[in-house]
Amino acid sequence: MFFLLTAALIACGIGPKETELPRPPGGLIEPNQEASQRVEQNLNQSLQEATGKYEARFRITNEEITSIVANALQQRADIPFSDPQIWFTAGKMYVTGKIEGVGPTSLPALIVAIPKVNDKGQLEIEIEKAKMSNFDFPDSVIESLTQTANETLADLQLDIQITAIEVLEGEMIVAGKRVGK
0 MFFLLTAALI ACGIGPKETE LPRPPGGLIE PNQEASQRVE QNLNQSLQEA
50 TGKYEARFRI TNEEITSIVA NALQQRADIP FSDPQIWFTA GKMYVTGKIE
100 GVGPTSLPAL IVAIPKVNDK GQLEIEIEKA KMSNFDFPDS VIESLTQTAN
150 ETLADLQLDI QITAIEVLEG EMIVAGKRVG K
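Note that numbering that gives the first Met the number 0 gives residue 151 to position 152 of the sequence shown, counting from 1, and the numbers run on in steps of one.
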């Protein structure tokens, strides 16, 4: 019965259609270990530069953020998300991938978020849109996802007060100063 229902939905055009989700400008972003290592080195260098009254800038590219997330997902089999593609454009961050374990197939997913600085000088995101296959998540789910993401980001914050975030084509630049140093 489930198979017949799934087949009918796909035949009627209601099933997953990956082509409807946005794609990274310039094509597929290939995750790689070198990009992950580059992020760690750049972050450590930025933290060293952000001493006293000096502001440091940290730059992360599409390739680097995709590589870090892909690597983290390989370490966490409990997260049913694969094939991440993450890119920055026009002030927003786009995340696409596949949600695994939804019946016999995987479903394409999209999250569009706006990175910003809160009044405490910490990185937060505002999820503007989230969808799985052709179905948009309701506002209540988006609010819950935003809250969970921001709680996770708050737990990861270093002793940095962020002064600015700039999302450009292909990269995000975060500026900040160390606090308590």
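Every residue gets a Cβ at the ideal spot worked out from N, C-alpha and C, and that includes glycine. Computed from a prediction, not measured in an experiment: that's the story for all the values here.
Would a C-beta distance cut-off of 9 Å place residue i and residue j closer than the cut-off?
| i | j | result |
| --- | --- | --- |
| Pro-173 | Arg-22 | Pro is not the amino acid found at residue 173; the sequence shown has Val there. No, the Cβ-Cβ distance between Val-173 and Arg-22 is not below 9 Å. |
| Asn-61 | Glu-170 | yes |
| Ile-67 | Val-94 | no |
| Ala-112 | Gly-96 | no |
| Pro-30 | Ala-69 | yes |
According to DSSP, simplified to helix, strand and coil, what is residue i?
| i | result |
| --- | --- |
| Ala-69 | helix |
| Val-166 | strand |
| Val-38 | helix |
| Ile-28 | coil |
| Ala-174 | strand |
Sort out for me which residues DSSP pairs residue i with in a bridge.
| i | result |
| --- | --- |
| Ser-81 | Lys-97 |
| Thr-104 | Val-101 |
| Ala-206 | The question about residue 206 has no answer, for the chain in this structure spans 0 to 180. |
| Thr-50 | Bridge partners of Thr-50: none, in fact. |
Answer with buried or exposed for residue i, where buried requires no fewer than 16 other C-beta atoms within 10 angstroms of its C-beta.
| i | result |
| --- | --- |
| Glu-63 | buried |
| Leu-106 | buried |
| Arg-177 | buried |
What are the start and end residues of each continuous beta strand (DSSP E) run of 3 or more residues lying completely inside the region 124-150, in chain order? none
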